[in-house]
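J.: The structure that follows is given in the form of C-alpha cells.
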Amino acid sequence: MARERSGLFGGAPEAGAAFGELYGTFWREGMVDQRVKEVVRLRNARLTDCGY
Amino acid sequence: MNAGLDPSWTAALAFTDHFLISPSPLPGALADHIAEHFARLELIELGLGLGLFHGFSKMLMALGFEPDEMDTTILDTPQRVGTNDATPNLADPHVLLLAERPDLASRWSTMAGRLAELDSVPAPIVNAARSRLAELYRVDWAVIAPPTEVDTELLDLAVEIAELFAIDVRAISPEHLSRLKALTNDDGVVQLIMSLAIYDGIYRFAATIPAAA
Numbered sequence: 002m003a004r005e006r007s008g009l010f011g012g013a014p015e016a017g018a019a020f021g022e023l024y025g026t027f028w029r030e031g032m033v034d035q036r037v038k039e040v041v042r043l044r045n046a047r048l049t050d051c052g053y
Numbered sequence: 050m051n052a053g054l055d056p057s058w059t060a061a062l063a064f065t066d067h068f069l070i071s072p073s074p075l076p077g078a079l080a081d082h083i084a085e086h087f088a089r090l091e092l093i094e095l096g097l098g099l100g101l102f103h104g105f106s107k108m109l110m111a112l113g114f115e116p117d118e119m120d121t122t123i124l125d126t127p128q129r130v131g132t133n134d135a136t137p138n139l140a141d142p143h144v145l146l147l148a149e150r151p152d153l154a155s156r157w158s159t160m161a162g163r164l165a166e167l168d169s170v171p172a173p174i175v176n177a178a179r180s181r182l183a184e185l186y187r188v189d190w191a192v193i194a195p196p197t198e199v200d201t202e203l204l205d206l207a208v209e210i211a212e213l214f215a216i217d218v219r220a221i222s223p224e225h226l227s228r229l230k231a232l233t234n235d236d237g238v239v240q241l242i243m244s245l246a247i248y249d250g251i252y253r254f255a256a257t258i259p260a261a262a
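See the structure below:
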C-alpha cells in the first residue's frame with residue numbers, strides 16, 4: 002500500500018504526480034512478477050533501514 | 050539459508066544486494082545467475098524499480114517522513130494514473146539508459162523534466178549536486194565541471210547534502226535542511242532532495258547494468 006505523499010512532494014505537485022505515474026506503471030504494467038518486486042522492495046527497506 | 054525460496058527470488062535478492070551495497074558492473078558469475086531468471090528487459094525494469102525504492106526511501110528518511118511520522122491515510126495499490134505516451138527525451142543520456150523500455154523511459158523523462166522546471170534551487174546547483182552523486186558511483190559520463198558564478202555557500206551545502214545522501218543519509222540533519230531552506234525557499238528542500246532521489250537511483254542503475262550492446 003502506498004501512503005499519502007502530498008506532504009512529501011510539497012511544492013512540487015507536478016513532479017510528484019509524474020513520480021506516481023512512473024511508480025504506478027512499474028507496479029501494474031511491468032514484465033516482472035509483482036512478488037519479485039515486493040521481495041526487492043522489502044530487501045531495500047531492510048538494507049536501507051527505512052521503515053517504509 | 051535461502052532454501053525454499055523461489056530461485057528467481059534468490060537471484061533478485063542477490064541483484065538487490067549488489068545494487069545497494071556496491072553499485073558497480075555485475076561480476077560475471079552474478080550476472081550469469083541473474084540472467085538465468087531475468088531477461089534484459091526485465092532486469093532494466095527491476096533496476097529502475099530498485100532505484101526508485103532506494104532513492105525515495107532515502108528521500109523519506111532525509112525529510113523525516115518515515116512511516117511513524119507520516120499521515121496514516123492509505124491509498125490503493127499504485128496504478129497507472131495517466132496516459133503518458135510522450136516520446137522519451139533520448140537526447141538526455143539518463144533517459145537513454147532506459148531506451149529499451151520506452152514505457153518506463155517516457156515516464157522517467159517526464160518526471161525528470163517536471164523536476165527540472167522547478168526553480169527554487171538554481172539548475173547549476175542541482176546539476177553540481179547530481180554530478181557529485183555520479184562521481185561517487187563512478188558514472189564518469191555524468192560528471193561535470195563545477196559551476197562558476199553561483200552562490201558558493203549554496204553550492205557547498207548542496208554538494209555536501211548530495212554526499213551524505215549517497216553515503217549516510219541519516220547524517221542529513223535538520224540543520225542542513227534549515228540552511229538549505231534559508232538559502233532557497235520552502236520548496237528548495239523538496240526540489241533538491243527529490244532530485245537526489247531520482248539521480249541516486251539512475252546512477253546506481255548506470256553503474257550496475259551494462260549499457261545496450
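Protein chains in written order, with the working numbering: chain A, 2 to 53; chain B, 50 to 262.
Just so it is clear, CB atoms sit at the ideal spot from N, CA and C, and this is done for glycine as well.
(1) Tell me, please, whether the CB atom of residue 168(B) is closer than 8 Å to any CB atom in chain A?
(2) Verify whether the separation of the beta carbon atoms of residue 31(B) and residue 164(B) is less than 8 Å.
(3) Under three-state DSSP, which class holds residue 135(B)?
(4) Locate the alpha helix (DSSP H) running through residue 174(B), then write down its first and last residues.
(5) Quick one: is residue 81(B) buried, meaning 16 or more other Cβ sit within 10 Å of its Cβ, or exposed?
(6) If I measure Cβ to Cβ from residue 96(B) and keep anything under 6 Å in the same chain, skipping five residues before and after, which residues do I get?
(7) What are the boundary residues of the alpha helix (DSSP H) that includes residue 201(B)?
(8) Answer yes if the segment 25-37 of chain A comes into contact with the segment 180-198 of chain B, meaning at least three C-beta pairs across the two stretches below 8 Å, and no otherwise.
(9) Sort 99(B), 64(B) and 69(B) by Cα distance to residue 85(B) and report the nearest one.
(10) Ignore the nearest five residues each way along the sequence and tell me which others in residue 216(B)'s own chain have a CB closer than 8 Å to its CB.
(11) With burial defined as no fewer than 16 other Cβ atoms inside 10 Å of the residue's Cβ, what is the status of residue 22(A): buried or exposed?
(12) Roughly how many angstroms lie between the CA atoms of residue 92(B) and residue 232(B), to the nearest whole one?
(13) Note down the Cα distance separating residue 202(B) from residue 208(B), rounded to an integer number of angstroms.
(14) Residue 49(A) by DSSP, collapsed to three states: which one?
(15) Would you mind reading off the limits of the alpha helix (DSSP H) that contains residue 193(B)?
(16) Establish whether the CB of residue 212(B) and some CB of chain A are separated by less than 8 Å.
T.: Well, looking at it:
(1) Sequence index remark: in the second sequence, residue 168(B) carries index 119 (1-based). Not one chain A Cβ lies under 8 Å of residue 168(B).
(2) Residue 31(B) lies beyond the range of chain B shown here (50 to 262); nothing can be said about it.
(3) Position 86 of the second sequence, counted from the first residue, corresponds to residue 135(B). Coil at residue 135(B), not helix or strand.
(4) Within the second sequence, numbered from 1, the residue matching residue 174(B) stands at position 125. Segment 172-185, the alpha helix (DSSP H) holding residue 174(B).
(5) Taking the first residue of the second sequence as 1, we reach residue 81(B) at position 32. Exposed, because fewer than 16 other Cβ atoms sit within 10 Å of the Cβ of residue 81(B).
(6) For this step, residue 96(B) is matched to residue 47 along the second sequence. The residues are 254 and 258.
(7) Here residue 201(B) is taken as the residue at index 152 of the second sequence, counted from 1. Note, residue 201(B): alpha helix (DSSP H), 201-216.
(8) no
(9) What you label residue 85(B) is simply residue 36 of the second sequence in a count that begins at 1. Of the listed residues, the one whose Cα sits closest to residue 85(B) is 64(B).
(10) Here the question's residue 216(B) lines up with position 167 in the second sequence. 185, listed in sequence order.
(11) One-based indexing of the first sequence puts residue 22(A) at position 21. So residue 22(A) counts as buried.
(12) Your numbering for residue 92(B) matches position 43 in the second sequence. Your numbering for residue 232(B) matches position 183 in the second sequence. Rounded to the nearest angstrom, the two C-alpha atoms are 40 Å apart.
(13) Taking the first residue of the second sequence as 1, we reach residue 202(B) at position 153. Taking the first residue of the second sequence as 1, we reach residue 208(B) at position 159. The alpha-carbon atoms of residue 202(B) and residue 208(B) are separated by roughly 10 Å.
(14) For the purposes of this step, residue 49(A) is taken as residue 48 along the first sequence, with counting starting at 1. Three-state DSSP puts residue 49(A) in a helix.
(15) Within the second sequence, numbered from 1, the residue matching residue 193(B) stands at position 144. Looking at the DSSP string, residue 193(B) is not in any alpha helix (DSSP H), and its letter there is neither H nor E.
(16) Residue numbering aside, residue 212(B) sits at position 163 when the second sequence is read from its first letter. Answer no: the Cβ-Cβ gap between residue 212(B) and chain A never drops below 8 Å.
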